[in-house]
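Chains as they are written, first to last, in the working numbering: chain A, 123 to 432; chain B, 95 to 349. Contents: one structure, followed by commentary.
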Amino acid sequence: MSSLRHSPIGDRLYQTLTTLCAISVLVLLLVLSARIFVAASPALQAFGWRFLTGAQWDAVHGVFGVAPAVYGTVISSALALALATPLALAVAIFSAEVAPAWLRSILEFALDLLAAIPSVIYGLWGLFVLVPLLRDRVMPVLTETLGLADTPLFAGPAYGPSMLAAALLLAIMILPYIAAVAREVLAAVPDAQREAALALGATRWEMLRHAVLPYARSGLVGAVILGLGRAFGETMAVTMVIGNRHEMSASLLAPGYTLASLIANEFAEASATLHHAALMAAGATLLLVTLLVNALARWLVWRVRRPGDA
Amino acid sequence: MSAPPAGALATRDLSLWYGPVQALDLVSLSIAPHAISAIIGPSGCGKSSLLRSFNRLHPLAADVRVSGDVTLNGASVCASSLPVEELRRRVGMVFQRWTPFPVSIYDNVAAGPRLNLRLERADLDAIVEQALRRAALWDEVKDRLREPARRLSGGQQQRLCIARALANGPEVLLLDEPCSALDPIATQRIEEVLWELRQDVTIVIVTHNLQQAARLSDETAVLIGGRLVEHGPSSQLFTSPREPRTEAFITGRFG
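In structure tokens:
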């Protein structure tokens with residue numbers, strides 16, 4: 123045995139083993155994608171591009187188009203990101219740069235806890251607390267007090283379950299992820315960068331702006347992308363508050379749909395082959411949208427990194 | 095241009111603790127203005143702690159306690175009339191490991207002035223050029239000011255850090271082992287820069303390299319175990335030290 127440990131055979135064994143493990147991840151991804159596309163192919167053949175552009179989802183007449191769900195997925199996630207990012211970055215900056223040590227550990231604990239809450243609990247809270255609150259307190263203020271009912275963004279009746287509710291809930295759910303990663307990124311900025319800024323006569327805020335944030339830029343973009351990925355895939359909580367109506371509306375007060383909640387809602391009842399295939403195709407679409415956004419994000423990270431470090 | 099300020103540093107009975115550990119013990123030292131002073135001593139003797147006391151840039155997150163006083167041109171650096179940001183503009187610092195910001199060469203040098211002054215573009219350009227010239231870097235980078243600073247070689251990056259400190263127009267320049275990670279040629283370039291600068295800036299350099307201290311500095315201070323052991327003209331200190339411990343250190347018998 124001891125000869126194995128010091129021989130090139132042990133080295134090679136280790137190398138082979140780790141390589142196999144790494145390859146298996148890729149194989150898994152490819153097989154998974156292939157299976158989904160094969161299962162989706164009847165729907166894709168039947169509708170072609172109209173599957174992506176069509177707004178009608180009618181299981182009875184066998185007409186399927188996912189445009190409203192794609193729209194709902196992208197809009198609710200983008201809105202959630204816009205709401206959560208500034209807050210999460212502020213939390214991360216406070217925790218990494220400003221807070222005293224004792225407060226920092228409490229904050230970290232709270233963030234971890236927030237990230238660990240199951241999404242169905244978020245959904246229940248959304249359904250029984252957030253949605254009534256929006257319906258009774260927030261939406262009347264938006265439409266009547268502020269008189270925004272005439273603008274397309276806040277038009278129509280306000281029942282409660284809506285794109286706005288989904289976006290708010292998603293924002294709360296992705297906040298701890300973005301904040302936790304951003305905090306780690308900021309903590310990884312070398313003290314030498316901070317000292318260099320301070321040595322030039324920078325205040326702590328100027329140090330943050332001119333030395334810490336530029337250094338951490340690409341990592342912070344990565345943190346936000348991670349949050350976006352979470353928002354895209356989130357199913358349960360969104361399904362519970364978004365209203366599940368397969369329609370495209372510019373109004374944030376109107377109910378909507380996402381790809382993930384569409385699949386979750388209908389899979390148990392999909393008996394017809396075409397319906398089943400259409401749901402698979404919706405899954406494939408979600409996969410593609412996620413892939414596309416991730417690729418875009420990679421490109422963004424790569425682009426912001428270039429001017430700084432060579 | 096008015097006559098440059100004197101840039102005279104001094105400490106009186108300066109003691110410094112990191113938590114329970116004492117790093118400096120009653121150090122009283124006058125740094126000669128417009129000259130190069132070297133601080134030498136074995137590792138952990140408090141050289142960097144002393145240097146960082148001059149611009150009050152103690153290691154971040156360290157539990158630092160200080161007694162005694164540090165003065166710049168006779169006024170305490172802890173006085174409320176002298177905000178620490180202004181102190182650090184007047185007493186610049188260059189670190190062992192070069193630390194350019196992840197921005198362009200120009201923006202690195204402009205960082206200090208941009209923090210403190212509202213400047214016209216042309217004035218800022220002039221300050222950047224002058225700082226780069228004083229750091230003997232202008233000819234090497236004048237055609238590529240917009241390039242990332244990190245594309246420069248190590249020695250160039252260190253001279254860029256010197257230029258960045260000079261752009262604030264400091265009276266004093268502190269250097270913490272600025273050449274310890276550089277090859278002899280890059281080291282020589284930096285020594286030439288410092289030699290030129292000493293005419294109008296007070297320079298304090300911490301170094302592990304005794305030859306560097308001997309050939310570069312006008313005065314040398316020897317710190318051992320947080321205490322100032324000897325301080326005098328380098329020519330005298332390195333040839334006929336008064337203290338046996340200095341002699342033991344510079345002849346390599348310990349440290």
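Cβ atoms here follow ideal geometry from the backbone N, Cα and C, with glycine treated the same way.
Whole angstroms is fine: what's the gap from residue i's alpha carbon to residue j's?
i      : j      : result
B:L145 : A:I347 : 43 Å
A:A310 : B:L213 : 33 Å
A:L236 : A:A324 : 35 Å
B:Q306 : A:A333 : 31 Å
A:W424 : A:L410 : 21 Å
A:T265 : A:A277 : 8 Å
B:G140 : A:D313 : 20 Å
B:V158 : B:A169 : 22 Å
B:T340 : B:L211 : 45 Å
A:Q167 : A:A406 : 14 Å
B:H302 : B:L254 : 22 Å
A:L213 : A:L290 : Reading off the sequence shown, one finds Val at residue 213 of chain A, where the question assumed Leu. Taking the straight line joining both Cα atoms gives about 17 Å.
B:Q251 : B:A243 : 7 Å
A:Q315 : B:R238 : 23 Å
A:G378 : A:G351 : 20 Å
A:E317 : A:Y337 : 13 Å
A:L375 : A:V196 : 16 Å
A:T412 : A:E388 : 21 Å
A:H398 : A:A392 : 5 Å
Go ahead and pull the three-state DSSP assignment for residue i.
i      : result
B:F189 : coil
A:Y299 : helix
A:L268 : coil
B:A205 : helix
A:Y281 : coil
A:T207 : helix
B:D163 : strand
A:Q137 : helix
A:T357 : coil
A:L179 : Reading the sequence as shown, one finds Trp at residue 179 of chain A and not Leu. Strand.
A:F276 : helix
A:Y379 : coil
B:R146 : helix
B:L211 : coil
B:D312 : coil
A:F216 : helix
B:F332 : helix
B:Q224 : helix
B:F195 : coil
B:R321 : strand
B:R292 : coil
Answer with buried or exposed for residue i, where buried requires no fewer than 16 other C-beta atoms within 10 angstroms of its C-beta.
i      : result
A:W327 : exposed
B:W192 : buried
A:L151 : exposed
A:H183 : exposed
B:R336 : exposed
A:R259 : exposed
A:L225 : exposed
A:L139 : exposed
B:S143 : buried
A:V343 : buried
B:S311 : buried
B:C273 : buried
A:F186 : buried
A:D234 : exposed
B:F195 : buried
B:R350 : This structure cannot speak to residue 350 of chain B, because chain B is shown only from 95 to 349.
A:R172 : exposed
A:V160 : exposed
Would you check if the distance between the CB atom of residue i and the CB atom of residue j is smaller than 9 Å?
i      : j      : result
B:T345 : B:P327 : no
B:V266 : B:F148 : yes
A:S198 : A:M285 : yes
A:S217 : A:A293 : no
A:A206 : A:A400 : no
B:L103 : B:V298 : yes
A:L297 : A:L209 : yes
A:I215 : A:L135 : no
B:G186 : B:V121 : no
Can we count residue i as close to the ligand ATP, meaning its CB is less than 8 Å from some heavy atom?
i      : result
A:F250 : The model depicted lacks the ligand ATP and carries no ligand whatsoever.
If I'm right that residue i touches residue j with Cβ under 8 Å, what's the distance once you round it to whole angstroms?
i      : j      : result
A:L381 : A:V192 : 6 Å
B:Q293 : B:H152 : Not really, about 30 Å apart at Cβ, beyond 8 Å.
B:R182 : A:L270 : No, B:R182 and A:L270 are not in contact; Cβ-Cβ is about 50 Å, not under 8 Å.
A:A177 : A:A189 : 5 Å
A:L252 : A:V363 : 7 Å
B:L260 : B:R228 : 5 Å
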